[in-house]
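Chains as they are written, first to last, in UniProt numbering: chain A, 1 to 210; chain B, 1 to 210.
Glycine included, each C-beta is placed from N, C-alpha and C at the ideal position.
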DNA sequence: CCTCCATTCGACCACCCTGGTCAACTTAAA
DNA sequence: TTTAAGTTGACCAGGGTGGTCGAATGGAGG
């Protein structure tokens, strides 16, 4: 939609943010265009001047979100780090940074990925598929497997770390819910998180050969 | 509500289940009494014959859920097991069993606990507080701390296990979403889960003294 | 100054759903 | 046959829905 793209940045930001949050919280059907225009501070008519209807707005948001995640997050992951746990440190730190700078996009996406996307246009579906593949590869490519201890299943150690990351992230989101982004002492949580991963290094990696 | 309590079991079950699911999925405000009566297969009038209004129905569901979790789950946790990981095995197995037998209650409760409960009557609030305290004690009371290895923070090992449990549970819920309860090969997941915990025993507990 | 057109607004539309009521009906017991 | 409890769904006023459109605004070009 050229009309929307050429808008001044600030207004664009307000409309995108309001729309992403509304769809994230309510889902497609129940999201209210009235709420969106109220939150974005524009007249009702403008939304349908920029986007021809609710569905087209939604598709625009999906594309925008997938692109943002690709550009801001995935494309910046450092796959030169062969130590799995060290890579997880870097990946997670980057993820949180990008998350806090793009709250609306991430919240919209996390509900999007859980929802039924089968109704989306082909172009968006393949864009999503590519994102999945990239994300998977970036996490596991060129990992040095010899670091792990050998008396238990390496796959299980791998997965335990994954589940731990998921659980920790969720607790973090719950704890920070409602706080303003600026008020969050980011480094404090990074430090604590790294300490946990260091414990996993001691317990999951082979002992240092002296 | 005496009217409702003395109903035949089957009808009671249908109404409870329909209500719990509706409130769980939509939240209090957006939950529709029309949907509930349709799903429960009763006339609109009956719901307001049993419960004087929407709010009273909701309060009844809260109390019912708290009571169910207390009776079916918490009161059956075995606190004689001093080995933390072994206790987690027992607790989790019991939790899953009860979860599958009371899907509606657990789904309602998990949204309830995340929501703002400050508007609830005092009686329900203190009932909830008691549940929290009990749950905490049952998980940590009389644990044998000497089993853990001593070269890393015991608290961190504790928490990592907690986060792992949370992450694993969430993945399981996602994987099983949409499947009918009967179709689930419960034991398969229990077995896999226990294997993970055994890995944690090897890595987090002190080596056997020979 | 006027003209023109892109931009902006919000009142308005027909439609749908809401929590709750109530007159009418059925059932079952006395 | 009488009485009361149980049950129904049409109905209500109120509010929200996605989307439209006539009118107002503002700035550029003549």
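Straight-line gap, residue 127 of chain B to residue 157 of chain A (C-alpha atoms, nearest Å): 40 Å
Length of the line joining the Cα atoms of residue 59 of chain A and residue 114 of chain A: 16 Å
Nearest-angstrom beta carbon gap, residue 166 of chain B and residue 170 of chain A [assumed within contact, 8 Å]: 6 Å
Three-state secondary structure (DSSP) of residue 73 of chain A: coil
Residue environment, residue 22 of chain A, which counts as buried when at least 16 other CB atoms sit within 10 Å: buried
Supposed contact pair residue 202 of chain A and residue 152 of chain B - C-beta distance, whole angstroms, cut 8 Å: 5 Å
Assigned secondary structure, residue 51 of chain B (DSSP; H/G/I helix, E/B strand, else coil): coil
Proximal residues to residue 145 of chain A (C-beta, below 7 Å), its chain only, five neighbours per side dropped: 154
Buried versus exposed, by CB contacts within 10 Å (16 or more), residue 51 of chain A: buried
Straight-line Cα distance separating residue 106 of chain B from residue 13 of chain B: 15 Å
Residue 163 of chain B beta carbon less than 8 Å from that of residue 73 of chain A: no
Listed by chain order, chain B residues near residue 153 of chain A by CB distance under 9 Å: 195 and 199
Distance CB(residue 160 of chain B)-CB(residue 200 of chain A) smaller than 8 Å: yes
Cβ contact (3+ pairs, closer than 8 Å) linking the segment 34-50 of chain A and the segment 62-79 of chain A: no
Interface flag, residue 171 of chain B vs chain A, CB-CB below 8 Å: yes
Distance, residue 89 of chain B Cα to residue 194 of chain B Cα: 7 Å
Cut-off 6 Å between Cβ atoms - residues of its own chain near residue 78 of chain B, not counting five sequence neighbours on either side: 90
Sequence-distant residues of the same chain with beta carbon closer than 7 Å to residue 125 of chain B, five excluded per side: 117
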